[in-house]
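Trainee: My questions all concern the structure below.
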Amino acid sequence: MHEVAALSAHAAFVFLCLGLCWGVFTSTGWLRRLTGRQATRNSHVVLVTLALAFAMSHATAFVFMEGDRLGPLDLAVPFRAGDLTVALGIVSVELMLALVASTLVRRLLSHRRWLWLHRLGYPAVALGVVHSFTGALVDGHLRALWLFGVALVVPVALVAGLRFLPARLFTTAGLLEVRQ
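Here UniProt numbering is used: position 108 in the sequence shown is 108, and no number is missing along the way.
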């Protein structure tokens, strides 16, 4: 069961990173010419859904594990199990579930409120990354996984950082064209 938890954790990590990058591409319109806005948005939803599905299967595996067994309540309430690593993962998933809920009721929220809630995705990903690295450290797998993790985290951090830079910096550098 530990292998199932580890494999689903790796898949959740990959889809979490891809979902964040694709969300930035969707919101900035950087890929609009290639696929169109609706296709980019739908693929973002698919990536985030896969990340959540694998994160939930990762958590569920701990319910069925023999040695380090956690109860369903331990997986829903942060710090109930007393472990910071587990709590980081729980808060990350709960933030992502709040994003999903805000997306489902998007029509009932103002755009500004929805955007504020949706930007909770950035701390959710950051907490997920810290959870992944501390979990690998606790399990003794950090030596084997650090390069893989860093290879995914660095581009994600770069794309997320570029998301918050002003557009005029890109136009001044010649990276974006201004449409008239």
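From the three backbone atoms N, C-alpha and C, an ideal C-beta is built for every residue, glycine too.
Contact check, His44 vs Gly23 under 8 Å by CB: the rounded distance?
Mentor: The residue labelled residue 44 in the question sits at position 44 within the sequence shown. The residue labelled residue 23 in the question sits at position 23 within the sequence shown. About 5 Å; that satisfies the 8 Å criterion.
Trainee: How about Gly121 and Ser132: are their beta carbons less than 9 Å apart?
Mentor: The count along the sequence shown starts at 1 and reaches residue 121 at position 121. The count along the sequence shown starts at 1 and reaches residue 132 at position 132. No. Outside cutoff.
Trainee: Does Ala173 come out as helix, strand or coil in the three-state DSSP assignment?
Mentor: In the sequence shown, counting from the first residue as 1, residue 173 sits at position 173. Residue state, collapsed to three classes: coil.
Trainee: Taking only the alpha-carbon atoms, compute the straight-line gap between Glu66 and Ala6 and give it to the nearest angstrom.
Mentor: Indexing the sequence shown from 1 puts residue 66 at position 66. Indexing the sequence shown from 1 puts residue 6 at position 6. Those two C-alpha atoms are separated by around 15 Å.
Trainee: If the criterion is Cβ atoms closer than 9 Å, does the pair Ala87 and Leu70 meet it?
Mentor: Position 87 of the sequence shown, counted from the start, is the residue given in the question as residue 87. Position 70 of the sequence shown, counted from the start, is the residue given in the question as residue 70. Not closer than 9 Å, so no.
Trainee: Going by DSSP in three states, Phe164 sits in which element: helix, strand or coil?
Mentor: What you label residue 164 is simply residue 164 of the sequence shown in a count that begins at 1. It is coil, neither helix nor strand.
Trainee: Does the distance from the CB of residue 253 to the CB of Cys17 come in under 9 Å?
Mentor: Any answer about residue 253 is impossible in this case: the structure gives the chain only from 1 up to 180.
Trainee: Using CA coordinates, which residue listed in Met96, Phe79, Leu84 and Thr60 is at the minimum distance from Phe15?
Mentor: Reading the sequence shown from its first residue, position 15 is the one you call residue 15. Ranking the options by Cα distance to Phe15, first place goes to Met96.
Trainee: Quick check: Val138 and Ser92, are their CB atoms within less than 9 Å of each other?
Mentor: Looking up residue 138 in the sequence shown gives position 138. Looking up residue 92 in the sequence shown gives position 92. No; because the gap between Cβ atoms is not below 9 Å, this pair is not in contact.
Trainee: For Gly36 and Ser8, I'd like the C-alpha separation in whole angstroms.
Mentor: In the sequence shown, counting from the first residue as 1, residue 36 sits at position 36. In the sequence shown, counting from the first residue as 1, residue 8 sits at position 8. Looking at the two C-alpha atoms, the distance is approximately 31 Å.
Trainee: Taking buried to mean at least 16 other C-beta atoms within 10 Å of its own C-beta, is Gly161 buried or exposed?
Mentor: Sequence index remark: in the sequence shown, residue 161 carries index 161 (1-based). When all chains shown are included, Gly161 counts as exposed.
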